[in-house]
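Asks: Can you keep this structure in mind? I'll have questions shortly.
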Amino acid sequence: MSRSWAVISNYSIYSATAVFALSFIVHAIETAWAVKVPAAGKSSLDYTRNSRAARIATALMILGFLLLFVGVVARGISASRAPWGNMYEFSITGALAFSGAYLAALRKYDLRWLGLLVSVSVLLTLGTAITVLYVPSAPLVPALKSEWLVIHVSTAIISGGVFLLSNVIATAYLVLDRIESKGERNEWAKRLPSLEVLDQLSYRLVAFVFPLWTFSVVSGAIWAESAWGRYWGWDPKETWAFITWVAYAAYLHARVTIGWRGRRAAWLCLFAGSTFLFNYVYINIWGTGKHTYSGL
Amino acid sequence: MSNQVQIPELDGTSLARYFWHQLTSMRTALILLLLLGVAAIPGSLFPQRTQNPMQVSDYFKNSPQQAEWLDRFWLFDVYGSPWFSAVYILLFISLIGCVLPRTIEHFKNARALPPATPKNLSRMEHFQEWSANGSELEIASAWFKKNRFRVLESDGSISAEKGFARETGNLFFHLALILVLVGISFSSLFGMRGEAILNVGERFVNNVTSYDSLTYGKLYRDSNLPDFMLTADNFVAKYNVLTGAPEDYTLDVSLLRGGESQVEKKTMKVNSPLTIGDTRIYLQANGYSPVVTVVDSQLNVAFQGPVPFLPQDSQLGSIGAIKAPDAEPSVGFVGSFLPTYERDGANGGISVYPEALNPRLLLAAWVGDLGLDSGTPQSVYRIDTSKMQQVGLKALKPGESFAYPGGVITFEGYVQWVNISFVTDPGKKFALLGAIVAIIGLLASLFTRRRRIWIRVGEKVEVAGLAKNAAPGLEEEITGFIQRLKGDK
Chain A
1 MSRSWAVISN YSIYSATAVF ALSFIVHAIE TAWAVKVPAA GKSSLDYTRN SRAARIATAL
61 MILGFLLLFV GVVARGISAS RAPWGNMYEF SITGALAFSG AYLAALRKYD LRWLGLLVSV
121 SVLLTLGTAI TVLYVPSAPL VPALKSEWLV IHVSTAIISG GVFLLSNVIA TAYLVLDRIE
181 SKGERNEWAK RLPSLEVLDQ LSYRLVAFVF PLWTFSVVSG AIWAESAWGR YWGWDPKETW
241 AFITWVAYAA YLHARVTIGW RGRRAAWLCL FAGSTFLFNY VYINIWGTGK HTYSGL
Chain B
1001 MSNQVQIPEL DGTSLARYFW HQLTSMRTAL ILLLLLGVAA IPGSLFPQRT QNPMQVSDYF
1061 KNSPQQAEWL DRFWLFDVYG SPWFSAVYIL LFISLIGCVL PRTIEHFKNA RALPPATPKN
1121 LSRMEHFQEW SANGSELEIA SAWFKKNRFR VLESDGSISA EKGFARETGN LFFHLALILV
1181 LVGISFSSLF GMRGEAILNV GERFVNNVTS YDSLTYGKLY RDSNLPDFML TADNFVAKYN
1241 VLTGAPEDYT LDVSLLRGGE SQVEKKTMKV NSPLTIGDTR IYLQANGYSP VVTVVDSQLN
1301 VAFQGPVPFL PQDSQLGSIG AIKAPDAEPS VGFVGSFLPT YERDGANGGI SVYPEALNPR
1361 LLLAAWVGDL GLDSGTPQSV YRIDTSKMQQ VGLKALKPGE SFAYPGGVIT FEGYVQWVNI
1421 SFVTDPGKKF ALLGAIVAII GLLASLFTRR RRIWIRVGEK VEVAGLAKNA APGLEEEITG
1481 FIQRLKGDK
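Protein chains in written order, with our numbering: chain A, 1 to 296; chain B, 1001 to 1489.
This is how it looks when you write it as structure tokens:
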């Protein structure tokens, strides 16, 4: 029974990867159409083709998200636990959270221009997960057997997905800012939101998810208290979670209290986000500490 | 414009005031906050004494000169180092200096009414005007009341304000962080943490000498150790048959509390420690202790009993040392215990499964001065063989003996050992309370928008608003308000 769920999970993840790859291609085509120069005698581009392509790309993204969702849930059922026991499982859930955050934000803001970046990030994450990080579905080591696994890891993954999205938007801000500082925006960049909107959006995502991240760190501390006998021990993962927390706290203060906007705020946002990524990639795989659950 | 910087006069009080202002300025706080993040990094790059004392001593062994320099900058004790403490203490002083005056001011403002309606509303945001029909003020008043605005009414106008929870939450958040720090300091002053390795079947009596390592806070007294006795009755480790990964550890213990006669049977697991008053007892690690008997050349039993060996890999291949300083001649054995032995071309013998399915004890016998009387502390898992001579090598199955030149060692069997942590952490409830209040405060401060709305009714109705920190959503709110005033909704 658990074997067949594991197989279902694997096939769903493979299919999701394929669908995200298709979505990536359609996004790429859409972007390519948008980047070209208007035909002679016309002042601007005809975007009807583009909007159709963008719709298809988004539909594929939703399909990929659903397949990924099935894959993650089936993985959990196959091991009869929350599917967050090793790095393969963190990655597929992270990709789910990231694409979910994008799709949720899409309901409110027209972010389809971001789809190319989002789909390529998801594709890379899933690709690495399948090829490098894969480990067979198995029960948890004793320290992970706790109800806090669900609470701590899910909030950490959701926070990570949203931090990443905010970083992608801050990057977009910096690229567009560079273009604008040289003069007018290119034809393709004109469709993208104004700098103010990007600036605000990147901030709002952080402000939205910072309390969740705080909660994730605190829930980790509560769990560590019952599993390891101390709620805080400067384990490398804890240290970097703390650094991420401090960096985002500095970012929020810089914006709200000192009034940083634009370029400086975007760089600070990228710095804070990169501490999270460093924690996820470096500490998980090469770190020592007690959080070595990558299964590699 | 002059470019000169105002330098305050250098008398004592104004200098102190100048530094106080600098320290409590937001810019300094921000720099300190970022500095705190940066200062935490080295602790994750170099091994730390509190987490990994073995790795630190290895560092000293492998590159002593570099280690000495690193040690000079406390890089093996980052989180207790003066410079790390300096950063966070300055940060917290700055925080207190910033938050306390604001708390007092906020407390005063909480009872004050919103400021009077500005004369010229058209200069404010989202200004609108239309001809009045007379009932707008009553409708507005009811609307403000329903939406829980604080209002100041004065001849023909209402000034309304909402979103006080933003600053309240913000202040609670920062005050709660101070509480977390207080909790942590409280623990480090009054807390205790000890470790002991216990062979299954052995009894632990809670007094200072029973611990393998014991650290406690400056204000902790030995007499604060709670009175109890703990016996490790049975330990079961379950492993995954395919990967050898551990799946479950269960330790059954008998607990006898001080002053009671009834023994309590308890079960400990990794995520469910035992609680005795303020002390919690955790099951941390486990391994094997080979049981050996050493009989020397005079036919005296020089050593008998279980010797805990230290696991080196996930299959519990372990190393250890058996020391019999009183034997004639004095002897030591450097050993490995392999719970499931298999021959390996490259390494000799390895363990392929963590359960003891085919146990083997590999021994190297050394005769000579063990160096135990020299006074320098030694690891119980290692032998200083510099003044010794190797006299033989042997692999033993349980029950087998090895006659080395100078005596006989018998591998009787093995027992499992568990490593148990005893922790008293009286500050953790404050830290937890602080963390909870901080999160609630954070939510309140990030999701509350502070804004004012004004209405003045004369011949015309004038409405305008102002959002602090450019918070979004005021326009929609005012649109809704105006619709209500006009009776559209």
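Backbone N, C-alpha and C fix where the C-beta goes; we use that ideal spot for every residue, glycine too.
Please list, in chain order, all residues of the same chain as residue 1318 (chain B) whose beta carbon is under 7 angstroms from its beta carbon, the five residues on each side excluded.
Replies: Around residue 1318 (chain B): 1287, 1288, 1309, 1310, 1311, 1312, 1336, 1337.
Asks: Which runs of the alpha helix (DSSP H), 4 residues or longer, sit entirely within the segment 1148 to 1235 of chain B?
Replies: Complete alpha helix (DSSP H) runs here, min 4: 1164 to 1190.
Asks: Out of B:1363, B:1257, B:1150, which one is the CA nearest neighbour of residue 1206 (chain B)?
Replies: The shortest Cα separation from residue 1206 (chain B) among B:1363, B:1257, B:1150 belongs to B:1257.
Asks: Looking at the structure shown, is residue 1374 (chain B) part of a helix, part of a strand, or coil, going by DSSP?
Replies: Residue state, collapsed to three classes: coil.
Asks: Assign residue 1016 (chain B) to buried or exposed, taking buried as 16 or more other Cβ atoms, counted over all protein chains shown, within 10 Å of its Cβ.
Replies: Counting Cβ neighbours within 10 Å, residue 1016 (chain B) comes out exposed, since fewer than 16 surround it.
Asks: Just to confirm, are residue 1384 (chain B) and residue 1368 (chain B) a CB contact at a threshold of 8 angstroms?
Replies: Going by C-beta atoms, residue 1384 (chain B) is not nearer than 8 angstroms to residue 1368 (chain B).
Asks: Give me the Cα-Cα distance between residue 250 (chain A) and residue 256 (chain A), rounded to the nearest whole angstrom.
Replies: Those two C-alpha atoms are separated by around 10 angstroms.
Asks: Buried or exposed for residue 168 (chain A), please, with buried defined as at least 16 other CB atoms from any protein chain shown within 10 angstroms of its CB.
Replies: Per the 10 Å Cβ criterion, buried.
Asks: Within this structure, are the beta carbons of residue 1455 (chain B) and residue 1129 (chain B) separated by less than 8 angstroms?
Replies: It is not a contact, given that the beta carbons lie outside the stated cut-off.
Asks: In its own chain, which residues sit with a C-beta less than 7 angstroms from the C-beta of residue 1485 (chain B), not counting the 5 before and 5 after it?
Replies: Contacts found: 1136, 1139, 1140, 1461.
Asks: How long is the line joining the alpha carbons of residue 1181 (chain B) and residue 1085 (chain B), rounded to whole angstroms?
Replies: Taking the straight line from one Cα to the other gives about 12 angstroms.
Asks: Please report how far the alpha carbon of residue 1175 (chain B) lies from the alpha carbon of residue 1109 (chain B), in whole angstroms.
Replies: Residue 1175 (chain B) and residue 1109 (chain B): Cα-Cα distance of roughly 18 angstroms.
Asks: What does the alpha-carbon distance come out to for the pair residue 80 (chain A) and residue 58 (chain A)?
Replies: C-alpha separation (whole angstroms): 32 angstroms.
Asks: Taking the continuous alpha helix (DSSP H) assigned at residue 283 (chain A), which residues delimit it?
Replies: Segment: none, residue 283 (chain A) is in no alpha helix (DSSP H) and carries neither H nor E.
Asks: State the CB to CB distance for the pair residue 1231 (chain B) and residue 1250 (chain B), rounded to an integer number of angstroms; the pair is presumed to be in contact (CB under 8 angstroms).
Replies: With a Cβ gap of about 15 angstroms, residue 1231 (chain B) and residue 1250 (chain B) do not count as contacting.
Asks: Where do the N-terminal and C-terminal ends of the beta strand (DSSP E) with residue 1109 (chain B) fall, by residue?
Replies: Run containing residue 1109 (chain B): none in the beta strand (DSSP E); it sits in the alpha helix (DSSP H), 1082 to 1111.
Asks: Residues in the same chain with beta-carbon distance under 6 angstroms from residue 1263 (chain B), minus the five sequence neighbours each way, listed in chain order, please.
Replies: Here the set comprises 1254, 1256.
Asks: Smallest Cα separation from residue 998 (chain B): which of B:1132, B:1441, B:1068, B:1479?
Replies: Past the boundaries of the shown model lies residue 998 (chain B); chain B is included only from 1001 to 1489, so the question cannot be answered.
Asks: If I follow the unbroken alpha helix (DSSP H) through residue 1468 (chain B), where does it start and stop?
Replies: Note, residue 1468 (chain B): premise wrong, no alpha helix (DSSP H); not H, not E.
Asks: Thinking C-alpha only, which one of B:1392, B:1190, B:1409, B:1379 is nearest residue 1304 (chain B)?
Replies: Ranking B:1392, B:1190, B:1409, B:1379 by Cα distance to residue 1304 (chain B) puts B:1409 first.
Asks: At which residue ranges does the segment 1404 to 1476 of chain B contain complete beta strand (DSSP E) runs of 3 or more residues, listed in the order of the chain?
Replies: Complete beta strand (DSSP E) runs here, min 3: 1407 to 1424, 1451 to 1457, 1460 to 1467.
Asks: With 16 as the cutoff for other CB atoms within 10 Å, does residue 50 (chain A) come out buried or exposed?
Replies: Buried, by the Cβ-count rule.
Asks: If we call anything under 8 angstroms between Cβ atoms a contact, is residue 1271 (chain B) one with residue 227 (chain A)?
Replies: Contact flag set, yes.
Asks: What residues match up with residue 232 (chain A) in a beta bridge as DSSP calls it?
Replies: For residue 232 (chain A), which the question treats as bridged, DSSP gives no partner whatsoever.
Asks: When the Cα of residue 203 (chain A) is compared with those of A:225, A:146, A:267, A:140, which residue comes out closest?
Replies: With distances taken between Cα atoms, residue 203 (chain A) lies closest to A:267.
Asks: At the level of alpha carbons, what is the spacing between residue 1330 (chain B) and residue 1298 (chain B)?
Replies: The straight-line gap from Cα to Cα measures roughly 12 angstroms.
Asks: Return the bridge partner residues of residue 1366 (chain B) from the DSSP annotation.
Replies: Its beta-bridge partners are B:1332, B:1390.
Asks: Nearest chain A C-beta to residue 1270 (chain B) closer than 8 angstroms, yes or no?
Replies: Yes, because at least one Cβ of chain A sits closer than 8 angstroms to the Cβ of residue 1270 (chain B).
Asks: Suppose contacts are defined by Cβ-Cβ distances below 8 angstroms. Is residue 1419 (chain B) in contact with residue 1197 (chain B) by that definition?
Replies: The answer is yes: Cβ separation under 8 angstroms.
Asks: Figure out for me which residue from A:142, A:171, A:216 has the closest Cα to the Cα of residue 154 (chain A).
Replies: With distances taken between Cα atoms, residue 154 (chain A) lies closest to A:216.
Asks: Buried or exposed: where does residue 1155 (chain B) fall if 16 or more other Cβ atoms within 10 Å of its Cβ makes it buried?
Replies: Exposed.
Asks: Would residue 1158 (chain B) be called buried (16 or more neighbouring beta carbons within 10 Å of its own) or exposed?
Replies: Buried.
Asks: Using a threshold of 8 angstroms, state whether the C-beta atoms of residue 1355 (chain B) and residue 1376 (chain B) are closer than that.
Replies: No, Cβ-Cβ distance for residue 1355 (chain B) and residue 1376 (chain B) is not below 8 angstroms.
Asks: By Cβ distance below 7 angstroms, which residues in the same chain neighbour residue 272 (chain A) in space, the five residues on each side in sequence not counted?
Replies: Counting only Cβ-Cβ distances below 7 angstroms, and skipping sequence neighbours, we find 244, 247, 248, 251.
Asks: Report yes if the CB atom of residue 130 (chain A) is closer than 8 angstroms to the CB atom of residue 13 (chain A), and no otherwise.
Replies: Yes, the Cβ-Cβ distance between residue 130 (chain A) and residue 13 (chain A) is below 8 angstroms.
Asks: Name, in chain order, the residues that DSSP records as bridge partners for residue 1131 (chain B).
Replies: B:1460, per the DSSP bridge assignment.
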